[in-house]
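390 is the number of the first residue of the sequence shown in the working numbering; add one for each residue after it.
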Amino acid sequence: MMRPHKAYPVELAQFHTADYVDFLHRITPDTQRLFSNELVKYNLGEDCPVFENLFEFCQIYAGGTIDAARRLNNQLCDIAINWAGGLHHAKKCEASGFCYINDLVLGILELLKHHARVLYIDIDVHHGDGVEEAFYFTDRVMTVSFHKFGDKFFPGTGDVKDSGEREGKFYAINVPLKDGIDDNSFTRLFKTIISKVVETYRPGVIVLQCGADSLAGDRLGCFNLSIDGHAECVKFVKKFNLPLLVTGGGGYTKENVARCWTVETGVLLDTELPNEIPDNDYIEYFGPEYSLKIPHGHIIDNANTKSYLSTIKVQVLENLRHIQHAPSVQMQEVPPDFYIPDFDEDEQNPDERVDQQTRDKQIQREDEYYEGDNDHDQNTEDV
């Protein structure tokens with residue numbers, strides 16, 4: 390595990406407009422009454438409330454996804470996970486759906502420095518509209534979103550007919566689903582479409598948004614996926630053995646979100662976890678079962694008929710047939726990682742209290758300069 394840096398405003402402005410980033414930096418619960426026009430302009434309020442330390446919250450989760458992308462770019466890992474990330478609704482100059490900064494777009498922009506093609510997959514119950522919109526006109530990113538569509542369900546976008554424009558035509562794939570889809574229907578459709586996408590598009594890296602509001606029993610969701618069904622999608626994507634950036638996303642039954650992402654962390658680490666949850670400070674939330682795997686509870690009728698799912702599959706595969714081969718890009722000099730040090734030791738006031746995150750960055754790990762098999766074993770003597 391590693392503690393990421395807090396993303397700097399100038400990093401956030403690699404996608405978002407500078408005035409929007411600056412507004413997020415300035416707004417607080419105490420001052421929001423002074424910015425009534427800006428609140429409307431940037432869509433803050435209601436489902437995007439202003440709260441204490443909002444901007445720091447954005448910096449932390451966005452910094453996590455940016456750093457995850459950089460570690461993949463520099464081949465420091467094969468899989469990078471940021472469960473705090475995955476806020477896929479945020480737009481270039483406005484918040485949406487409790488998403489303020491779109492860390493996924495920022496992470497993908499970072500990955501594009503080293504990879505000609507990036508595949509984005511979204512299994513949140515809501516359409517990944519912010520990511521799709523950001524890359525709607527390019528063939529260097531293919532977005533694939535499996536989501537509830539219709540009945541005025543938020544955000545109201547993601548029709549199968551929406552497939553990109555200009556150079557990005559057919560590089561946005563939407564799989565609109567109805568209420569109550571179950572494990573068998575979802576995973577069968579997922580595997581068929583993703584297999585064909587990877588075969589056709591040949592991405593260099595995959596970004597997987599694992600919103601847990603697609604689980605059965607979610608407070609805002611309407612699907613019937615079990616944790617095993619959700620995790621099966623993660624396991625399937627992992628088998629492609631491509632660099633993989635995994636994030637969280639939505640999820641409004643918090644104890645099941647924690648269960649889901651714990652199981653999926655085990656899947657990504659090839660580790661089988663015991664079903665019994667060990668004692669911890671939050672154990673009371675997981676009663677009365679105190680287990681990772683839980684019964685479905687209330688099941689929503691599956692409105693996704695075989696005929697409907699077959700029609701969606703045919704339309705998606707037909708769109709993919711318009712892509713003759715994986716797009717290529719002209720080789721260019723790779724821009725450097727955009728990083729500004731958090732502090733200058735020479736300028737620090739020794740009498741000033743330093744927060745935990747800053748202290749962590751000043752600590753040199755004892756195994757920092759060990760290589761090879763002894764990388765994490767600083768006590769091993771040289772032979």
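Backbone N, C-alpha and C fix where the C-beta goes; we use that ideal spot for every residue, glycine too.
Beta strand (DSSP E) runs contained entirely in the stretch 530-559, provided each spans 3 or more residues: Counting only runs that start and end inside the stretch 530-559, the beta strand (DSSP E) elements of at least 3 residues fall at 530-537.
Classify V703: buried if its beta carbon has 16 or more other beta carbons within 10 angstroms, exposed otherwise. On the sequence shown, residue 703 is found 314 positions in, with the first residue counted as 1. By the 10 Å Cβ count, V703 comes out exposed.
For L709, which residues from the same chain have a beta carbon less than 6 angstroms from its beta carbon, with the 5 sequence-adjacent residues on both sides left out? Indexing the sequence shown from 1 puts residue 709 at position 320. Here L709 has K585, T589 as same chain residues with Cβ atoms under 6 angstroms from its own Cβ, once five neighbours each way along the sequence are excluded.
Taking all protein chains shown into account, do 16 or more other C-beta atoms lie within 10 angstroms of the C-beta of F575, making it buried, or fewer, making it exposed? Stepping through the sequence shown from its first residue, residue 575 is reached at position 186. F575 comes out buried.
Delimiting residues of the alpha helix (DSSP H) encompassing I455: As a first step, residue 455 must be located in the sequence shown, where it is residue number 66. Its alpha helix (DSSP H) spans residues 443-462.
Run through the stretch 557-605 for me and flag every whole alpha helix (DSSP H) of 4 or more residues, listed as ranges in chain order. Those alpha helix (DSSP H) runs which fall completely within the stretch 557-605 and span 4+ residues are 572-590.
Please state whether DSSP places M390 in a helix, a strand or coil. The sequence position of residue 390 within the sequence shown is 1, counting from 1. Taken through DSSP and simplified to helix, strand or coil, M390 comes out as coil.
Would you call the stretch 451-461 and the stretch 430-438 in contact, with 3 or more CB pairs under 8 angstroms? With a cut-off of 8 angstroms, the stretch 430-438 and the stretch 451-461 do not count as touching, because too few Cβ pairs lie within range.
Assigned exposure category for S425 - 16 Cβ within 10 Å defines buried: Counting from one through the sequence shown, the residue named residue 425 turns up at place 36. Counting of Cβ neighbours within 10 angstroms places S425 among the exposed residues, the total staying below 16.
Taking the alpha carbon of L706 as the point to measure from, which residue in P677, F625, D602, I582 has its own alpha carbon closest? Locating residue 706 in the sequence shown gives position 317, counting from the first residue. The shortest CA-to-CA distance from L706 to any of P677, F625, D602, I582 is the one to I582.
Cβ neighbours of V623 in the same chain (closer than 6 angstroms, five flanking residues each side left out): For this step, residue 623 is matched to residue 234 along the sequence shown. Cβ neighbours of V623 beyond the five flanking positions: E653, V656.
Residues in its own chain within less than 7 angstroms of K580 by CB, not counting five upstream and five downstream? In the sequence shown, counting from the first residue as 1, residue 580 sits at position 191. In chain order, F625 place their CB closer than 7 angstroms to the CB of K580, counting only its own chain and leaving out the 5 sequence neighbours on each side.
I need the DSSP call for E661, collapsed to helix, strand or coil. Here residue 661 refers to the residue found at position 272 of the sequence shown. Three-state result, E661: coil.
Alpha-carbon spacing of I701 relative to K502, whole angstroms: Translated into positions along the sequence shown, residue 701 becomes position 312. Translated into positions along the sequence shown, residue 502 becomes position 113. C-alpha separation (whole angstroms): 33 angstroms.
Count the other CB atoms, across all protein chains shown, that sit within 10 Å of the CB of A451; report buried if there are 16 or more and exposed otherwise. What you label residue 451 is simply residue 62 of the sequence shown in a count that begins at 1. It counts as buried.
Can you give me the start and stop residues for the beta strand (DSSP E) that D511 sits inside? Counted from its first residue, the sequence shown places residue 511 at position 122. Following the DSSP letters along the chain, one finds D511 inside the beta strand (DSSP E) bounded by residues 507-511.
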